[in-house]
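Undergrad: Numbered as in the UniProt record's numbering, the sequence shown ends at 260 without a single skipped number. This structure is in structure tokens; I'll ask about it shortly.
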Amino acid sequence: MSEVLKIFKIGGGIIDDAAQLGQFLAALARVPGPKMVVHGGGKGASQMLQDLGIAPQMVQGRRITDAATLDIVTMFYAGKTNKQVVAGLQQHGVDALGLSGADGNVIRASKRPVKEIDYGFVGDLDEHSVNTGLLQTLLGTGLTPVFCAITHDGHGQLLNTNADTIASSLARALAPFYQVELHFCFEKDGVLADVTDETSVIPQITPGQYQELKARGVIAAGMVPKLDNAFAALEAGVERVVIENALKINEPVKTILCRN
């Protein structure tokens with residue numbers, strides 16, 4: 001039986017709140033076995049852009065990344081945020097290594113082609129993007145890789161890549177070598193049956209149940225693309241996907257997405 005590898009994706013408010021981020025990292029340090037972290041940038045990059053007189057541009061939650069924006073998000077994601085996460089894990093005894101996709105050629109992306117929208121320097125991933133050999137080596141030495149949302153194209157160009165996409169791609173690529181659990185950590189305790197009731201967490205969802213919940217409108221709006229990607233990861237060999245509160249990762253309340 002292959003080893004369990006847990007990949008935790010964090011973002012949103014948890015990145016913006018130093019106390020909550022510290023609480024999450026302390027909880028993560030108590031998770032046994034090999035693990036990886038993928039983080040977004042929270043609202044800090046947009047605030048930095050505004051402070052420098054650059055108007056942030058978002059389309060359906062995706063950042064339009066021109067050259068000036070790329071410079072700022074690279075500094076913020078790969079620099080300040082990444083090293084804060086790494087330092088926080090080191091504080092709790094986890095030997096972490098901060099990475100962009102360019103480091104060790106670990107994640108290579110291709111620039112998104114211009115169609116209806118020009119996203120600028122945004123990177124897309126495919127099944128060949130992840131350097132699984134290097135990751136297995138790092139994990140084998142006991143290191144915890146910490147990924148920001150910056151990748152590269154192999155020709156010297158850095159690219160801004162969605163952190164959820166990075167987490168899913170890592171999970172899929174490593175599924176042949178580990179029993180991969182992909183954890184999406186945010187402010188809710190899981191997928192809610194009633195968005196007005198924080199206690200209405202659905203403990204488990206199969207693909208059939210998911211289609212039924214979507215048809216009934218129980219799961220809608222922004223949760224749909226996240227769960228679509230999660231079930232696609234399960235189909236690609238990921239063992240299970242967990243939707244949970246970033247501050248309660250060692251507690252039983254959560255939603256577990258299963259293949260059947």
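Yeah, the Cβ is synthetic: ideal placement off N, Cα and C, and Gly gets one too. From a predicted model like this one, the values you see are computed outputs, not experimental measurements.
Can you tell me where the alpha helix (DSSP H) with residue 225 in it begins and where it stops?
TA: Stepping through the sequence shown from its first residue, residue 225 is reached at position 225. Element bounds for residue 225: 223-235.
Undergrad: Since I believe residue 173 is in contact with residue 38 (beta carbons under 8 Å), could you give me their beta-carbon distance rounded to a whole number of angstroms?
TA: Indexing the sequence shown from 1 puts residue 38 at position 38. Indexing the sequence shown from 1 puts residue 173 at position 173. With 8 Å as the limit, residue 38 and residue 173 do not qualify as a contact, their Cβ atoms being about 13 Å apart.
Undergrad: When DSSP labels each residue in this structure, what does residue 124 get in the three-state scheme?
TA: In the sequence shown, residue 124 corresponds to position 124, counting from 1. Correct three-state label for residue 124: strand.
Undergrad: Report the residue ranges of all alpha helix (DSSP H) runs contained in full by the segment 76-132; include only those spanning at least 4 residues, in chain order.
TA: 82-91
Undergrad: What's the C-alpha gap between residue 88 and residue 27?
TA: As a working note, residue 88 is residue 88 in the sequence shown. As a working note, residue 27 is residue 27 in the sequence shown. The alpha-carbon atoms of residue 88 and residue 27 are separated by roughly 11 Å.
Undergrad: Which residue marks the beginning of the alpha helix (DSSP H) containing residue 166, and which one marks its end?
TA: Translated into the one-based positions of the sequence shown, residue 166 becomes position 166. That run of the alpha helix (DSSP H) goes 163-174.
Undergrad: Using only CA atoms, which one of 84, 92, 109 lies nearest to residue 98?
TA: Residue mapping note: residue 98 aligns to position 98 of the sequence shown, counting from 1. Nearest of 84, 92, 109 to residue 98, Cα basis: 84.
Undergrad: Please work out which residues of its chain come closer than 6 Å, Cβ to Cβ, to residue 77, disregarding the five sequence neighbours upstream and downstream, and give them in chain order.
TA: Counted from its first residue, the sequence shown places residue 77 at position 77. 41, 148, 149, 150.
Undergrad: Given a cut-off of 8 Å, decide if residue 213 and residue 200 are closer than it, judged by their beta-carbon atoms.
TA: Position 200 of the sequence shown, counted from the start, is the residue given in the question as residue 200. Position 213 of the sequence shown, counted from the start, is the residue given in the question as residue 213. No.
Undergrad: Going by C-alpha to C-alpha distance, which of 166, 257, 71 sits closest to residue 208?
TA: Walking along the sequence shown from the start, residue 208 turns up at place 208. Checking every option, the nearest Cα to that of residue 208 belongs to 257.
Undergrad: For residue 9, does the three-state DSSP call read helix, strand or coil?
TA: For the purposes of this step, residue 9 is identified with residue 9 of the sequence shown, where counting begins at 1. DSSP places residue 9 in strand when its eight states are reduced to three.
Undergrad: In the DSSP assignment, the beta strand (DSSP E) including residue 146 goes from what residue to what residue?
TA: On the sequence shown, residue 146 is found 146 positions in, with the first residue counted as 1. From DSSP, the beta strand (DSSP E) with residue 146 extends over 144-147.
Undergrad: Using three-state DSSP, classify residue 179 as helix, strand or coil.
TA: Here residue 179 corresponds to residue number 179 of the sequence shown, with the count starting at 1. Strand at residue 179.
Undergrad: Once DSSP output is grouped into helix, strand and coil, what is the label at residue 212?
TA: The sequence position of residue 212 within the sequence shown is 212, counting from 1. Under the three-state reduction of DSSP output, residue 212 falls in the helix class.
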